[in-house]
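Below: one structure, written as structure tokens.
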Amino acid sequence: MVRYRTIASSRIAFWRSILSETPTALTARQKKKREEIIEIASEIFLREGFGRTSMDQIHARLGGSKRTLYSHFPKKEALFHTIVERISGRVFAALQPKPAEGAFERALFRMGYEYLSVLLSSEGIALYRIMTAEAHHFPELSRDFFVRGPAVASKGLARFFEANQTAGNLVTSDARTAAEQFLGAVRGDVHLSAVLAGEQPSQVVLEDKVACAVRLFAKRPGIEKASDSPTQL
Numbered sequence: 001m002v003r004y005r006t007i008a009s010s011r012i013a014f015w016r017s018i019l020s021e022t023p024t025a026l027t028a029r030q031k032k033k034r035e036e037i038i039e040i041a042s043e044i045f046l047r048e049g050f051g052r053t054s055m056d057q058i059h060a061r062l063g064g065s066k067r068t069l070y071s072h073f074p075k076k077e078a079l080f081h082t083i084v085e086r087i088s089g090r091v092f093a094a095l096q097p098k099p100a101e102g103a104f105e106r107a108l109f110r111m112g113y114e115y116l117s118v119l120l121s122s123e124g125i126a127l128y129r130i131m132t133a134e135a136h137h138f139p140e141l142s143r144d145f146f147v148r149g150p151a152v153a154s155k156g157l158a159r160f161f162e163a164n165q166t167a168g169n170l171v172t173s174d175a176r177t178a179a180e181q182f183l184g185a186v187r188g189d190v191h192l193s194a195v196l197a198g199e200q201p202s203q204v205v206l207e208d209k210v211a212c213a214v215r216l217f218a219k220r221p222g223i224e225k226a227s228d229s230p231t232q233l
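Counting from 1, one number per residue, gives the positions in the sequence shown under this note's numbering.
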């Protein structure tokens, strides 16, 4: 038991050291090379998964000196984390209210639609599949993904709900639970069918799905159907 705890503690410490690494100030040329590395690595990681991808594979596609690759990303874990963080950041950005966005219902619809769009993107689906498949072998990685991705998104939406409680816009007083349930209602079977069956729903289906979720949580829904394009919201 003591040995198991020691091994577990060392693994956690290893992953924390990887995830805490931050790049130093880069020149314009270095930034361009870093983006090239991330783009190539993203394609390989999202196709092959974390466990089956190696730095040698990435270097073979990148070309040039290995020193260049390792100067930007000393370990595979650090590179993969950067990719995960970028996709998670898109989810978080989608759930941020925008200044002068208007009515609560319209803001919630826009947030839900953009959130679902990120999940259903090719990168979003591939990342979800990877994290599910690798969770058993790399639990620290999947745990960090959850904490920095879905958990942050849910907390951000909960704060938005809390801000609208006093205005009487929300049907429940439990903002945290409402945020979790709203995101679940938006995902529904649409996300699962895309991940498992490769189905690609139309924009109309997505808009109606989000509009239904909004009606569940807004006291004055306002959106009977998703007749407005998300670009107009």
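Beta carbons: idealized from backbone N, C-alpha and C, even for Gly.
For A41, the closest of E123, A94 and P97 by C-alpha to C-alpha distance is E123.
In this structure, I37 sits near F73, with a CB-CB distance shorter than 8 Å. Counting only runs that start and end inside the segment 18-52, the alpha helix (DSSP H) elements of at least 4 residues fall at 28-48.
Within the DSSP secondary-structure output, A218 pairs in a beta bridge with L170. No Cβ-Cβ contact shorter than 8 Å links V205 with Y113. Sixteen is the threshold: since fewer than 16 other Cβ atoms of the shown chains lie within 10 Å of the Cβ of S54, the residue is exposed. Following the DSSP letters along the chain, one finds F92 inside the alpha helix (DSSP H) bounded by residues K76 to A94. Contact between the segment 83-96 and the segment 145-156 is present: 3 or more CB-CB pairs across the two stretches fall below 8 Å. Out of C212, F104 and K75, the CA that lies nearest to the CA of F161 is found in F104.
Judged by DSSP secondary structure, Q57 falls within the alpha helix (DSSP H) whose first and last residues are M55 to L62.
Straight across, the Cα-Cα distance linking F45 with A167 is about 45 Å. S121 sits in coil when the DSSP states are folded into three classes, being neither helix nor strand. Counting C-beta atoms within 10 angstroms of its own C-beta, D144 has 16 or more neighbours from the protein chains shown and is therefore classed as buried. With at least 16 other beta carbons inside 10 angstroms of its own, A178 counts as buried. Annotation for I83: I38, A41, S42 and F45 place their beta carbon closer than 7 Å to its own, counting only its chain and skipping 5 residues before and after. Counting C-beta atoms within 10 angstroms of its own C-beta, A218 has 16 or more neighbours from the protein chains shown and is therefore classed as buried.
Separation of the CB atoms of V214 and F109 is rounded to 5 Å, and the pair is thereby assigned contact status at 8 Å.
In this structure, A153 places its C-beta atom within 8 Å of the C-beta atom of L95. In the structure shown, the three-state DSSP call for A135 is coil. Between the C-alpha atoms of S142 and T27 there is a straight-line separation of about 32 Å.
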